[in-house]
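One structure is given here, and the rest of the page talks about it.
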Amino acid sequence: MKLNYTYLLLLISICFSCGNGTSQNQDHVTATIDNSKLSCDKITMENHTGKINKDEFSYGEKITLFYENMTGFVLQDSLAYPDMDIFVTNKKGDTVLSQKNLFKNTKEAYTEKDLNLRSKLTFATPMMPKNSYQMHINISDKNGDGYYNVKKDFSIVDNPLLKTKTVGLTYDVLYLYSQTRDLAIIDDKISPNESVYILLENLEGYDVDENGKVDLSASISLTDAKGKVINEVGELFPEPVSAKDLKDQLYASLSITEGSIDNPVTCLFKIRDKKSDKSFETSFDLTVE
Numbered sequence: 009m010k011l012n013y014t015y016l017l018l019l020i021s022i023c024f025s026c027g028n029g030t031s032q033n034q035d036h037v038t039a040t041i042d043n044s045k046l047s048c049d050k051i052t053m054e055n056h057t058g059k060i061n062k063d064e065f066s067y068g069e070k071i072t073l074f075y076e077n078m079t080g081f082v083l084q085d086s087l088a089y090p091d092m093d094i095f096v097t098n099k100k101g102d103t104v105l106s107q108k109n110l111f112k113n114t115k116e117a118y119t120e121k122d123l124n125l126r127s128k129l130t131f132a133t134p135m136m137p138k139n140s141y142q143m144h145i146n147i148s149d150k151n152g153d154g155y156y157n158v159k160k161d162f163s164i165v166d167n168p169l170l171k172t173k174t175v176g177l178t179y180d181v182l183y184l185y186s187q188t189r190d191l192a193i194i195d196d197k198i199s200p201n202e203s204v205y206i207l208l209e210n211l212e213g214y215d216v217d218e219n220g221k222v223d224l225s226a227s228i229s230l231t232d233a234k235g236k237v238i239n240e241v242g243e244l245f246p247e248p249v250s251a252k253d254l255k256d257q258l259y260a261s262l263s264i265t266e267g268s269i270d271n272p273v274t275c276l277f278k279i280r281d282k283k284s285d286k287s288f289e290t291s292f293d294l295t296v297e
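Structure below.
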């Protein structure tokens, strides 16, 4: 069985809340602002761990940018009509992802006091680890020529939690995914019984037989801080697997049940090609709380 967690990079939504104060043109996120007529008190950024301000993100990481107290719209019957474009460029300046007129089908309008815009982004394919990009978020006024453009350089990195060694095998993407929370795990904290997956994409370098199959051995183990083995599976692939499926995505799942556990718990995931003896190994620590 194969899991395919395809991340959408760009999502947009509107948050309803009351904003107070005057626009100070403050940028609490490290970014370049180009604006005319539209302004906001500040921009903040969050992921599932809380507020952040950085330009290096793990593959699969989700963030939200908040534009607090956006003002300056040409109002119709005291209502504002915003629009937003978001696109991402690579180091060559080529557009790798673009979404325009994100409010095109939104007929509702809002008072400026009750309008708080936010952009939700997930850093994933077609963006890849070990690469740098630039995001462009352009907010505009449907009824005027005001605009508020945000430009931010960023890079995508492999999850620093994962300590990985390979011999002869290569891969493009390796990350931890929580099916329970529907997000990529970027810290070491999980809950009891949380369903976690180790996802490995575009694994290559193994020998393929005449039937398009690969004969692998793979194992996964969980060991607590005192050396107690919580769980261990010694043979994840009892039969040869399809090389095509293997290249698309390979995964191993884990879950730590409630009980007396000495943190941190170390997970060790190993893969070996039985024919060539090429191998892959990754380990990481998790804190169950």
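According to this note's numbering, the sequence shown is numbered sequentially starting from 9. Glycine is no exception: its CB is placed at the ideal position from the N, C-alpha and C atoms.
Which residue's Cα is closest to the Cα of residue i: the options?
i: residue 258; options: 88, 205, 293; result: 205
i: residue 163; options: 88, 143, 150, 221; result: 143
i: residue 275; options: 264, 51, 285, 268; result: 264
i: residue 70; options: 139, 189, 79, 249; result: 189
i: residue 153; options: 187, 208, 91, 165; result: 91
i: residue 114; options: 291, 247, 89, 129; result: 89
i: residue 231; options: 165, 293, 146, 133; result: 293
i: residue 109; options: 83, 157, 148, 76; result: 148
i: residue 141; options: 277, 39, 272, 291; result: 39
i: residue 266; options: 51, 297, 128, 139; result: 297
i: residue 278; options: 249, 250, 240; result: 240
i: residue 270; options: 235, 250, 291; result: 235
Distance, Cα to Cα, residue i vs residue j?
i: residue 237; j: residue 229; result: 7 Å
i: residue 57; j: residue 200; result: 18 Å
i: residue 289; j: residue 268; result: 28 Å
i: residue 32; j: residue 124; result: Annotation note: pLDDT 35 at residue 32 (below 50); position unreliable, no value reported.
i: residue 136; j: residue 60; result: 21 Å
i: residue 233; j: residue 94; result: 45 Å
i: residue 210; j: residue 72; result: 29 Å
i: residue 87; j: residue 151; result: 10 Å
i: residue 256; j: residue 118; result: 44 Å
i: residue 99; j: residue 68; result: 20 Å
i: residue 285; j: residue 131; result: 34 Å
i: residue 37; j: residue 45; result: 20 Å
i: residue 309; j: residue 97; result: Examination of residue 309 is not possible in this model, given that the chain is present from 9 through 297 alone.
i: residue 246; j: residue 55; result: 39 Å
i: residue 85; j: residue 129; result: 32 Å
i: residue 102; j: residue 139; result: 13 Å
i: residue 111; j: residue 283; result: 55 Å
i: residue 272; j: residue 120; result: 47 Å
i: residue 122; j: residue 133; result: 34 Å
i: residue 30; j: residue 83; result: Annotation note: pLDDT 29 at residue 30 (below 50); position unreliable, coordinate value reported separately. Roughly 17 Å between the two C-alpha positions.
Give the range of the alpha helix (DSSP H) segment to which residue i is assigned.
i: residue 256; result: 251-256
If the criterion is Cβ atoms closer than 7 Å, does the pair residue i and residue j meet it?
i: residue 126; j: residue 74; result: yes
i: residue 222; j: residue 254; result: yes
i: residue 167; j: residue 47; result: no
i: residue 280; j: residue 225; result: yes
i: residue 171; j: residue 295; result: no
i: residue 63; j: residue 180; result: no
i: residue 242; j: residue 227; result: yes
i: residue 287; j: residue 175; result: yes
i: residue 186; j: residue 194; result: no
i: residue 49; j: residue 76; result: yes
i: residue 208; j: residue 191; result: no
Name the two residues that bound the continuous beta strand (DSSP E) containing residue i.
i: residue 145; result: 139-149
i: residue 275; result: 273-281
i: residue 189; result: No beta strand (DSSP E) holds residue 189; DSSP gives it neither H nor E.
i: residue 155; result: 155-165
i: residue 152; result: Neither: residue 152 is in no beta strand (DSSP E) and is coded neither H nor E.
i: residue 293; result: 287-296
i: residue 90; result: 90-98
i: residue 208; result: 204-209
i: residue 132; result: Per DSSP, residue 132 belongs to no beta strand (DSSP E) and is neither H nor E.
i: residue 117; result: From DSSP, residue 117 is part of no beta strand (DSSP E); its letter is neither H nor E.
i: residue 85; result: Careful: residue 85 lies outside any beta strand (DSSP E) and carries neither H nor E.
i: residue 74; result: 70-76
i: residue 235; result: That residue, residue 235, is in no beta strand (DSSP E); it is neither H nor E in DSSP.
i: residue 54; result: 50-55
What whole-angstrom Cβ distance do residue i and residue j have, given they're in contact under 8 Å?
i: residue 165; j: residue 145; result: Not a contact, Cβ separation roughly 22 Å.
i: residue 177; j: residue 213; result: 4 Å
i: residue 78; j: residue 156; result: 7 Å
i: residue 252; j: residue 220; result: 7 Å
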